[in-house]
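Note that full-length UniProt numbering gives residue 34 to position 34 of the sequence shown, counting from 1, and the numbers run on in steps of one. Below you'll find the structure, written out as structure tokens, and then a few comments.
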Amino acid sequence: MMPSPRDAAWSRLAALAQRPGAAAIGSLFSRDADRFEKFHWQACDILLDLSKTAIDDAAMQALQDVAKAMEVLPDRDAMAAGEQVNNTERRAVLHMALRAPATAGFQARRNDGGFEPVGEEVEQTLAAMEQFVRAVHAGDIRSSTGETFTDVINIGIGGSDLGPFMATRALWHEASPMRPLYLANADAHNWELIRPRLNPARTLVLIASKTFTTAETMANARVVRGWLEQTLGNDGMRQHLVALSTNHKATAEFGVPADRVFGFKDWVGGRFSLWSAIGLSIALGCGWDDFEQLLAGARAMDEHFLEAPAERNLPLLLALTTVWHVNGFGFDNHAILPYDHRLSRFPAHLQQLEMESLGKRTTRGGQPVPRLTGPVLFGEPGTNAQHSFMQLLHQGTTPVPADFVLIANPSHPYAANHRLLLANGLAQAEALLRGRSADEVRAEMTAAGTAPDEVERLLPHRVFPGDRPSTTLLLPRLDAHTLGQLVALYEHKVFCLGALWDIDAFDQWGVELGKQLSTSILPELMPEGRVGAHDSSTVGLIGLIRAWQGL
Ligand code: F6P
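As structure tokens, this is what we get:
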């Protein structure tokens, strides 16, 4: 039987990855003096350098053939047309509409088969958010005690925390209008750390939850509501509450005044929601103009994604690089290394964006996926990462592809520090590529006067294999506009990978079981509770917890 065009494209890719020396990178540079020229691209303000990967012309062609066979770009067009590309939940996926003018004409396919335009509602919500943010900053909206709000706490988890937290960490500076704080963990030690820094009379409380049912968020919201009420009374407390949610019934039941609810629709996925009302803490903390620029930057990347041909489409190229590493070579880990401390929450945001989206084993048609899908993603800002896990990337047994995010110009005046930072980022990528041969180690140690037997003893430990792949993203500066571009680039990369692997990148059924089991364990931890039927490990642990709590 003839293989399908899809199978044939994947087989050609596998065959190329199995060529002897296919994972070598250094030799590609020695063979081609123009390698950097050929394998870097720029879109908006972002330069993407893929030259330090083992992709050569043949591999790139084979990867593009897979993209064509998997119909990535037609899928992209279906998403932009408002089709229900989140097919298991029967939902359109329209985060691009959140950063587009209404005139862009985005519409969402409804379950009855018709379409609903979405732009006007997006603009209305943005206008209401802007009015609110500017009034809070101007002191026109005040606290129940008549004071200006100085602090804003966002209570939310997952996509209702990670994106806004990441963006605020990146954009906030000492002249920003309010102090933003984030409370996510159900562990009240998180609240205990934050509480002493807050004055209830000057704190605005945002409860960010798409569903308004997430157990951790609602538990924290009740604690913080009680804290407000203690000092401000019931009426006062209500003047400090804001809800960011699609569930208006639940926000009303919780006591949030209707004019303090900022909504969005189910076609905004949690991990893609920082551009929606969920981003209110960014606007309050960093200023409306920054929030607007963030949206504009993302919009610029959307336009590139929608219009650029496959051969120079940055999100697609980034996704294809992951396919080459994961499916070509079985490298199923991926490091994110932003060399900018303001991006210290960027790896955490991408962890949810990529792993909740791509951690799937079933195709959109319900069959087992015949290949590896989403890699494990982790990261830390450089240079900190160099002093924690980079050893493994240089000398561990399996290569871990890494994305280096470098920013040419800092926003601080300490030029020497910035040079040190950039030199380290560039050097790490170069060291991963080059490695260090036995001859080099021997020559260096001998020149340093090391005795020959000591040289031979240490030689195997000091050799680096090299040929370890990395991708570099270079930005001229980090500001709201370029941050918007960067985040949207990764969002679209995730979309492309979903299409390449034929999985639904927009659902997250895998998080359900743990949530369900926790509700059945909860009563077993109550003083009057009894240990139920579980595996012997869970029974043993619950029993011991109860004993150690004196129950
Ligand atoms: O962890 C599952 C999840 O549903 C995420 O997808 C989401 O971002 C998070 O929980 C929070 O959900 P919500 O905004 O509804 O509280």
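Cβ coordinates follow ideal geometry from the N, Cα and C atoms, glycine included.
Cβ contact annotation for Thr214 (same chain, cutoff 7 Å, sequence separation greater than five): Ile157, in chain order.
Contact check for Leu63 against Leu274 fails: the beta carbons are separated by 7 Å or more. In the pairwise beta carbon analysis, the segment 519 to 527 is classified as not touching the segment 374 to 393: fewer than three pairs are separated by under 8 Å.
Assignment of beta-bridge partners to Glu89 by DSSP yields no partner. Each residue's CA atom was taken as its position, placing Thr472 and Val405 some 6 Å apart. A Cβ-Cβ separation of about 6 Å places Thr217 in contact with Ile155 under the 8 Å criterion. Annotation: Ser388 to Met526 spans about 40 Å, alpha carbon to alpha carbon. Each of Ala80, Lys265, Leu241 and Arg271 was checked against the Cα of Ala258, and the nearest Cα belongs to Leu241. For Ser470, the enclosing beta strand (DSSP E) starts and ends at Ser470 to Arg477.
When DSSP reads this structure, His334 sits in a beta bridge with Leu377.
Excluding residues up to 5 positions away in sequence, Phe149, Thr150, Asp151, Val152, Leu284 and Gly285 lie with their Cβ nearer than 7 Å to the Cβ of Met178 in the same chain.
Assignment of Gln107 by DSSP, reduced to helix, strand and coil, places it in the strand class.
The beta carbons of Asn220 and Leu280 sit no closer together than 7 Å. DSSP, reduced to helix, strand and coil, places His40 within a strand of the structure shown. DSSP places Phe506 outside any alpha helix (DSSP H), giving it a letter other than H or E. Nearest in C-alpha terms to Pro370, of all of Ile503, Gly510 and Leu206, is Ile503.
Annotation: Thr538 is outside any beta strand (DSSP E); the continuous alpha helix (DSSP H) that includes it extends over Ser536 to Trp548.
Going by C-alpha positions, Val72 is about 15 Å away from Thr363. Each of Leu353, Cys44, Val376 and Glu512 was checked against the Cα of Gly159, and the nearest Cα belongs to Leu353. Arg462 sits close to Val441, with the two beta carbons spaced by under 7 Å.
Excluding its 5 nearest sequence neighbours in each direction, Ser344 has C-beta neighbours in its own chain below 7 Å: Arg169 and Pro381, listed in chain order.
For Glu311, no beta strand (DSSP E) run applies, since DSSP gives it neither H nor E. Annotation: the continuous alpha helix (DSSP H) that includes Pro452 extends over Pro452 to Arg462.
Secondary structure at Glu71: coil, using DSSP grouped into helix, strand and coil. Within the same chain, and ignoring the five residues on either side of Ala78 in sequence, the residues whose Cβ sits closer than 6 Å to its Cβ are Val85. Here DSSP, grouped into helix, strand and coil, assigns Arg345 to coil.
Secondary structure at Pro117: strand, using DSSP grouped into helix, strand and coil. Between Val133 and Glu120, the alpha-carbon positions lie close to 20 Å from each other.
In the three-state DSSP reduction, Thr148 falls in the coil class, being neither helix nor strand. Pro476 and Gly297 have their alpha carbons spaced roughly 14 Å apart. For Lys210, the distance from the CB to the nearest heavy atom of the ligand F6P is below 6 Å. Distance check between Asp7 and each of Ala69, Leu541 and Asp75 places Ala69 closest, using alpha-carbon atoms only. By the Cβ criterion, the segment 325 to 343 is in contact with the segment 397 to 404, since at least three pairs of Cβ atoms, one from each stretch, lie closer than 8 Å.
Secondary structure note for Ile157: it is in no beta strand (DSSP E), with a DSSP letter that is neither H nor E.
For Leu204, the beta-bridge partners assigned by DSSP are Val152. In this structure Gln107 is in contact with Val118, their Cβ atoms being roughly 6 Å apart against a cut-off of 8 Å.
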